[in-house]
Amino acid sequence: ENQTYTIAAADGYTIEDVLVDGQSVGAVTSYTFSNVTEGHSINATFSEIIVIPECFAVTDLTARVEAYGIVLSWNAAENAISYEIYRNGVRIATETNTSTIDMQGHEGDTYYIITNCANGGTSEVSETATAAAEPSCNAITDLVARVEAYGIVLSWNAAENATSYDIFCNGNWISTTSGTSYIDMQGHEGDTYYIITNCANGGTSDASDTAVATITAITDAETNISVYPNPASDMVLISADENITRIEIVSITGQILHTEEVNSDRIECNIENITAGTYIIRVFGNTNVYLKKLIVK
């Protein structure tokens, strides 16, 4: 009599080997005993199926020109073991990190990367990146130097790719700021200012056009505006002899720390969250803008 045994693995497992009477018959899924008699045996061993996931192309590949070569960087691809780097269609290196320097590269060269996967395969080609220098930056524009009772208020238009601005008065450096305004409390009417932009690529711009500190229509009107108490630590009362539409508290570097819309000739302003120091209050009336110095203690 013949007797057939069917062998099946559970989900996630595979047949590794089948032994009949102690002898391997391979990873079969069935076995038939012919003219079966007592005393025979059949055993199967199974192993877990380990799935190694595929991997994908790298993302955010950049190619930056530096004096010593082309700096490549990218985001890691999951399940990658290494990266094949190509310049202008030719493989130039294999890298296990997520950045490298191509010392033979030039501006305008085109790069892409193919990921070597842990499962033995490879990814598709990544998006390309063309080697380019970090953009330089230009001098700022529209520099204005306005005389106020407490100093010279400078303002200008931002320069693209700027990280900060060096401010010069009468040819001498006086400060560096990342904003687009500054108050020179040591300045005087007639002082000459210019600005040099510090660029994201590490360079600097040419000097900007100069601006001479002059008096404008915006005034510091002692008789029109009252700020009490001054110095203050928690609350100040701001009053005027005309309707106030808005007030701003500004640091000496031009940062607006507090602004409030108003429709009255007086307002109580909470300054508890402003650190001790010297500030400017801009009071906007119906027709004029008034500026008062405020000392927070």
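Be aware that the sequence shown starts at -18, since it is given in my numbering, and climbs by one per residue.
Heads up, the beta-carbon is just placed ideally off N, CA and C, and yes, glycines get one too.
No experiment lies behind these values; they were computed from the predicted model shown.
Rounded C-alpha distance that separates residue i from residue j
i, j, result
"S104", "D(-8)", "28 Å"
"I66", "T109", "11 Å"
"D201", "E88", "Low local confidence applies: a pLDDT of 48 at D201 is under 50, so the model's placement there is unreliable, and no value is given."
"A99", "S80", "19 Å"
"D165", "V46", "38 Å"
"S54", "A(-10)", "46 Å"
"T158", "D215", "28 Å"
"A112", "V71", "15 Å"
"F27", "T91", "50 Å"
"V6", "E(-3)", "11 Å"
"N209", "I233", "It is Tyr, not Asn, that sits at residue 209 in the sequence shown. Whole-angstrom Cα-Cα distance: 20 Å."
"D41", "I121", "31 Å"
"A192", "Y174", "5 Å"
"I196", "A114", "43 Å"
"T240", "T268", "18 Å"
"V270", "N151", "28 Å"
"S82", "A58", "Per the sequence shown, the amino acid found at residue 82 is Ile instead of Ser. Each residue's Cα considered, the two are about 19 Å apart."
"T161", "L218", "29 Å"
"A44", "N78", "15 Å"
Delimiting residues of the beta strand (DSSP E) encompassing residue i
i, result
"S149", "A small correction: the amino acid at residue 149 is Phe; Ser does not occupy that position in the sequence shown. First-last of the beta strand (DSSP E) with F149: A143 to C150."
"C98", "T91 to C98"
"V17", "Here V17 belongs to no beta strand (DSSP E), and DSSP marks it neither H nor E."
"S186", "T185 to A188"
"Y175", "T173 to C180"
"C118", "C118 -> no beta strand (DSSP E), and no H or E assigned at all."
"G132", "G132 to N138"
"T40", "T40 to E47"
"V71", "V71 to E76"
"E59", "No beta strand (DSSP E) contains E59, which DSSP labels as neither H nor E."
"V9", "Neither: V9 is in no beta strand (DSSP E) and is coded neither H nor E."
"I233", "Per DSSP, I233 belongs to no beta strand (DSSP E) and is neither H nor E."
"I206", "I206 to Y209"
Reduced DSSP category for residue i - H, G, I as helix; E, B as strand; rest coil
i, result
"F265", "strand"
"K273", "strand"
"L0", "strand"
"C250", "strand"
"M216", "strand"
"H294", "Given a span of -18 to 278 for the chain in the structure shown, any question on residue 294 remains unanswerable."
"A(-9)", "coil"
"G102", "coil"
"Q(-16)", "strand"
"E108", "coil"
"T79", "coil"
"T157", "strand"
"E35", "coil"
"H169", "coil"
"I196", "strand"
"T191", "coil"
"T259", "strand"
"I66", "strand"
"I30", "coil"
Exposure of residue i, with buried meaning 16 or more beta-carbon neighbours within 10 Å
i, result
"D246", "exposed"
"Y49", "exposed"
"N254", "exposed"
"W154", "exposed"
"G171", "exposed"
"S145", "exposed"
"L272", "buried"
"Y260", "buried"
"S11", "exposed"
"V17", "exposed"
"A74", "exposed"
"T(-5)", "exposed"
"T178", "buried"
"E141", "exposed"
"S107", "buried"
Assumed close pair residue i, residue j - CB separation to whole angstroms, cut-off 8 Å
i, j, result
"A257", "K278", "6 Å"
"Y(-14)", "I23", "6 Å"
"I51", "G102", "Not a contact, Cβ separation roughly 28 Å."
"C180", "S189", "Between S189 and C180 the Cβ distance is about 14 Å, and since that is not below 8 Å, they are no contact."
"I94", "Y131", "That pair is no contact at about 57 Å."
"I176", "I148", "6 Å"
"N56", "E35", "The Cβ separation is near 17 Å, so there is no contact."
"F265", "I225", "7 Å"
CB contact below 8 Å: residue i versus chain C
i, result
"V9", "Among the chains of the structure shown, chain C does not appear; only one protein chain is present."
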